[in-house]
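Note that the sequence shown covers residues 1 to 282 in the UniProt record's numbering. Even glycine gets a Cβ: it sits at the ideal position worked out from N, Cα and C. All of these numbers come straight from a predicted model, not from anything done at the bench. Have a look at the structure below before the remarks.
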Amino acid sequence: MARAFVPGHVTGFFTVDRADDPTKAGSRGAGLALSEGVTVTVRPAEAVAVTLNGESVEIEAVERVLDALEATVAVRGVTGLPVGSGFGVSGAMALGAALATNDLLDRRLSTYELATIAHGAEVQAGTGLGDVVGQLHGGVPIRLEPGSPQHNKMDAVPARSRVEFQTFGELSTSEVIGGDTEAISAAGERALSRLVQEPTLERLVASSRQFSREADLVTDRVYEVVTDVAEAGGEATMGMLGQTVVALGSGLSDAGYDPTVCRVDPTGATLVAPRGDRTLPE
Numbered sequence: 001m002a003r004a005f006v007p008g009h010v011t012g013f014f015t016v017d018r019a020d021d022p023t024k025a026g027s028r029g030a031g032l033a034l035s036e037g038v039t040v041t042v043r044p045a046e047a048v049a050v051t052l053n054g055e056s057v058e059i060e061a062v063e064r065v066l067d068a069l070e071a072t073v074a075v076r077g078v079t080g081l082p083v084g085s086g087f088g089v090s091g092a093m094a095l096g097a098a099l100a101t102n103d104l105l106d107r108r109l110s111t112y113e114l115a116t117i118a119h120g121a122e123v124q125a126g127t128g129l130g131d132v133v134g135q136l137h138g139g140v141p142i143r144l145e146p147g148s149p150q151h152n153k154m155d156a157v158p159a160r161s162r163v164e165f166q167t168f169g170e171l172s173t174s175e176v177i178g179g180d181t182e183a184i185s186a187a188g189e190r191a192l193s194r195l196v197q198e199p200t201l202e203r204l205v206a207s208s209r210q211f212s213r214e215a216d217l218v219t220d221r222v223y224e225v226v227t228d229v230a231e232a233g234g235e236a237t238m239g240m241l242g243q244t245v246v247a248l249g250s251g252l253s254d255a256g257y258d259p260t261v262c263r264v265d266p267t268g269a270t271l272v273a274p275r276g277d278r279t280l281p282e
């Protein structure tokens, strides 16, 4: 077996940058990599099987990764993150499967090559544009140019923080990024420009709030909760794409909510058990 941990990733704002080559397509934007993430375990198998929290699932991005690596394996994901709510679970599964399968089967590909495969798979599946590169880097990544690690340009906000989040429902990523995205991209470009001028966590969250309004993505429930946090003196925004509110520090708790608490992940995706390691629990 081999095992990888991939942090969750919540996007504050983004653009939609299309290209014929899925490894060059993606988004510009910024977000937070979270200490809450997905642990992906890979084992040899007679047929491909993918499970998430004990349930059999079909995740197109994972299937594309395994096809690219010519791998017949069983992939098991375990996470406490809400699925379909803007935390990059499908991207984490794809990247974790790539890292662990490469190690298990000794494919001898580099980290960037594996992340490029996972990123391209996510783009082709229509389930994400920038989560994989954010999850690879960890911290508070800023995507200055779109595409996979072999094509894009990255920076980061040099900061760490306690993070709280609460989810109130799902939004379909594919429906949003598959439609008319001109207004979204224009709002994302303005938000990116503001953050680059002042690369702080507070500016990221404020730019994200403005982006959600300008791109007409914020829901009534999310707006209500973000307003409650602001009235309690905190900083919060909508997590893209889901009915999810993400706050710095104790913003949601101070506003009277009962959020999940984590921190900014400092390291990004990594192997946690090399092939054949039996010292970790199942």
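Alpha carbon of residue 170 to alpha carbon of residue 151, nearest angstrom = Computed Cα separation, rounded: 31 Å.
Buried or exposed for residue 243, please, with buried defined as at least 16 other CB atoms from any protein chain shown within 10 angstroms of its CB.
-> With 16 or more Cβ atoms within 10 Å of its Cβ, residue 243 is classed as buried.
Whose CA, out of 90, 155, 110 and 111, lies closest to the CA of residue 126?
-> Nearest of 90, 155, 110 and 111 to residue 126, Cα basis: 90.
From residue 257 to residue 184, what distance separates their C-alpha atoms?
-> Cα to Cα, the separation comes out at about 29 Å.
Assigned exposure category for residue 76 - 16 Cβ within 10 Å defines buried | Around the C-beta of residue 76, 16 or more other C-beta atoms lie within 10 Å, and the residue is accordingly described as buried.
Under 7 Å from any heavy atom of the ligand MG, does the C-beta of residue 47 make it?
-> The ligand MG is not part of this structure, which contains no ligands at all.
8 Å Cβ cutoff met for residue 138 and residue 7 = Closer than 8 Å, so yes.
Start-to-end residues for the alpha helix (DSSP H) that takes in residue 13 | No alpha helix (DSSP H) contains residue 13, which is instead part of the beta strand (DSSP E) from 2 to 14.
Enclosing beta strand (DSSP E) for residue 188 [first to last residue] | In the DSSP assignment, residue 188 falls outside any beta strand (DSSP E) and within the unbroken alpha helix (DSSP H) covering 182 to 197.
Is it buried or exposed for residue 141, if we count other Cβ within 10 angstroms and need 16 for buried?
-> With 16 or more Cβ atoms within 10 Å of its Cβ, residue 141 is classed as buried.
When you compare each of 158, 168 and 211 to residue 264 by their alpha carbons, which one comes out closest?
-> Looking from the CA of residue 264, the closest CA among 158, 168 and 211 belongs to 158.
Scan the stretch 43 to 108 and note each continuous beta strand (DSSP E) run of 3 residues or more that stays entirely inside, going in chain order.
-> DSSP runs (the beta strand (DSSP E)) wholly in the stretch 43 to 108: 49 to 52 and 73 to 79.
Flag this pair as yes or no: are the beta carbons of residue 3 and residue 143 separated by less than 8 Å?
-> No Cβ-Cβ contact shorter than 8 Å links residue 3 with residue 143.
Identify which residue in 62, 166, 179 and 12 has its Cα closest to the Cα of residue 99.
-> Checking every option, the nearest Cα to that of residue 99 belongs to 62.
Going by the CB atoms, is the gap between residue 14 and residue 188 shorter than 8 Å?
-> Yes, they are a contact pair.
Alpha carbon to alpha carbon, how far is residue 5 from residue 48? Give it in angstroms, no decimals.
-> One C-alpha to the other measures close to 20 Å.
Which of helix, strand or coil DSSP assigns to residue 125 | Residue 125 falls in the helix class under three-state DSSP.
Using 10 angstroms around the beta-carbon of residue 24, count the other beta-carbons present and answer buried if the total reaches 16, otherwise exposed.
-> The residue in question, residue 24, is buried, as its Cβ has 16 or more Cβ neighbours within 10 Å.
DSSP puts residue 33 in a beta bridge; with which residues?
-> Per DSSP, 9.
Could you please give the first and the last residue of the uninterrupted alpha helix (DSSP H) stretch that includes residue 155?
-> Going by DSSP, residue 155 is part of no alpha helix (DSSP H) but of the beta strand (DSSP E) stretching over 153 to 156.
Sub-8 Å separation of residue 95 and residue 69 beta-carbons | Contact: no.
Excluding the five sequence neighbours on either side, which residues of its own chain have a C-beta within less than 6 Å of the C-beta of residue 254, listed in chain order?
-> Excluding its 5 nearest sequence neighbours in each direction, residue 254 has C-beta neighbours in its own chain below 6 Å: 232 and 234, listed in chain order.
Check the C-beta distance from residue 164 over to residue 247 and give it rounded, since I have them as a contact under 8 Å.
-> That pair is a contact at about 5 Å.
Who are the Cβ neighbours of residue 83 in its own chain at under 6 Å, not counting the five residues just before and after it?
-> Here the set comprises 89.
List the endpoints of the continuous alpha helix (DSSP H) containing residue 203.
-> In this chain, the alpha helix (DSSP H) harbouring residue 203 covers 201 to 214.
Cβ neighbours of residue 112 in the same chain (closer than 6 Å, five flanking residues each side left out) = Only 149 and 150 meet the Cβ criterion.
For the candidate residues 79, 59 and 167, whose alpha-carbon lies nearest to that of residue 121?
-> When each option's Cα is compared against that of residue 121, the closest is 59.
Return the bridge partner residues of residue 248 from the DSSP annotation.
-> According to DSSP, residue 248 bridges with 163.
Helix, strand or coil for residue 286 per DSSP?
-> Because residue 286 is not part of the residues shown, which for the chain are 1 to 282, the question remains open.
Can you give me the Cβ contacts of residue 160 inside the same chain, cut-off strictly under 6 Å, excluding the 5 residues immediately before and after it?
-> For residue 160, where only same-chain residues beyond five positions count, the Cβ hits under 6 Å are 264.
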